[in-house]
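Numbering (the working numbering), first residue to last: 37 to 294. Cβ atoms here follow ideal geometry from the backbone N, Cα and C, with glycine treated the same way.
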């Protein structure tokens with residue numbers, strides 16, 4: 037893994053490392069008071085392995101992933117899900133309810149309707165199943181934020197207090213001694229960048245959101261940030277949805293960008 041280790045004037049040790057995962061570049065900045073660069077490099081390796089495990093669970097474009105196997109299941113046939121996929125699908129159902137259907141990971145299903153997501157069944161234990169061949173789940177607008185939340189847990193378990201994890205400049209998590217906008221939280225961005233193919237679909241209408249631009253949201257968690265930036269972009273500047281989401285989520289700020 038490419039990396040740079042530096043001793044800081046404060047006596048702390050900093051590691052900057054980067055690698056490719058989830059179809060993007062991941063940049064890590066970790067700081068430790070122990071003065072052990074090898075320890076930090078080992079933690080970076082654990083983060084990379086964690087991201088790879090989550091991607092193997094929830095990458096719908098990988099035919100060998102758990103999610104791809106689920107998308108090919110015969111209706112009614114149950115399959116055991118690993119912890120990452122089970123948790124991601126459970127959270128996505130929860131956020132679908134909290135956002136009144138605007139966050140919908142089934143929106144790419146053939147003949148999608150507002151009720152398609154109800155064909156996704158996640159049992160309290162480990163089993164998952166789908167009620168229709170038409171159900172197709174795509175976690176691309178969620179998985180990076182979920183990974184950031186898991187990385188935060190890993191870093192805390194490893195005793196790291198100061199860190200920044202940047203996944204493709206659209207999902208960023210920070211801990212501890214970092215710039216104020218990032219302090220102990222996440223910044224996520226969703227939208228249709230100018231000059232690129234419009235691709236975000238409003239699940240309530242079934243049509244592509246026709247406007248270019250992006251929404252940036254600062255929250256305490258990455259998964260929530262992915263949900264909120266997507267929903268706020270789809271909803272536009274409708275004050276009803278912004279008020280609803282502020283009442284249900286920990287939103288620090290919302291920025292609408294060109």
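Residue pairing of residue 96 in beta bridges, as defined by DSSP: absent, with no partner found.
CA-to-CA, the gap between residue 212 and residue 113 works out to about 45 angstroms. The shortest C-alpha to C-alpha distance from residue 167 to any of 109, 230, 287, 204 is the one to 109.
Scanning its chain for C-beta atoms nearer than 6 angstroms, with the 5 sequence neighbours on each side dropped, one finds around residue 248 the residues 228, 230, in chain order. In the structure shown, residue 40 falls within a strand segment according to DSSP collapsed to helix, strand and coil. Rounded to whole angstroms, the separation of the alpha carbons of residue 57 and residue 63 is 10 angstroms. Three or more Cβ pairs closer than 8 angstroms define a contact, and the region 171-186 meets that threshold against the region 259-273. By the neighbour-count criterion, in which 16 or more other beta carbons inside 10 Å mark a residue as buried, residue 147 falls on the exposed side. For the 9 angstroms CB-CB criterion, residue 53 and residue 37 form a contact. Counting along the chain, no alpha helix (DSSP H) covers residue 171, and no H or E run does either. Using a Cβ distance threshold of 9 angstroms, residue 135 and residue 143 do not count as a contacting pair. Annotation: the region 83-161 contains the following complete segments of the beta strand (DSSP E) (minimum length 3 residues), in chain order: 156-158.
DSSP places residue 285 outside any alpha helix (DSSP H), giving it a letter other than H or E. In this structure, DSSP gives residue 242 a state outside helix and strand, which the three-state scheme calls coil. For residue 197, no alpha helix (DSSP H) encloses it, and the DSSP letter there is neither H nor E. With 16 or more other Cβ atoms from the protein chains shown falling within 10 Å of its own Cβ, residue 141 counts as buried. In this structure, residue 225 places its C-beta atom within 9 angstroms of the C-beta atom of residue 293. With fewer than 16 other Cβ atoms from the protein chains shown falling within 10 Å of its own Cβ, residue 205 counts as exposed. Per DSSP, residue 207 is one residue of the beta strand (DSSP E) stretching across 207-211. Taking a cut-off of 8 angstroms for Cβ pairs, the region 151-165 and the region 185-200 do not touch, as fewer than three such pairs fall below it. By the CB criterion at 9 angstroms, residue 66 and residue 80 fall inside the cutoff. Around the CB of residue 139, 16 or more other CB atoms lie within 10 Å, so the residue is classed as buried. Scanning its chain for C-beta atoms nearer than 6 angstroms, with the 5 sequence neighbours on each side dropped, one finds no residue around residue 219. Of all alpha-carbon atoms in 202, 180, 197, 223, the one lying nearest the alpha-carbon of residue 256 is that of 223. In the displayed model, residue 62 falls within a strand according to three-state DSSP. The alpha-carbon separation between residue 286 and residue 221 amounts to approximately 10 angstroms.
In this structure, the CA atom of residue 275 is about 14 angstroms from the CA atom of residue 291.
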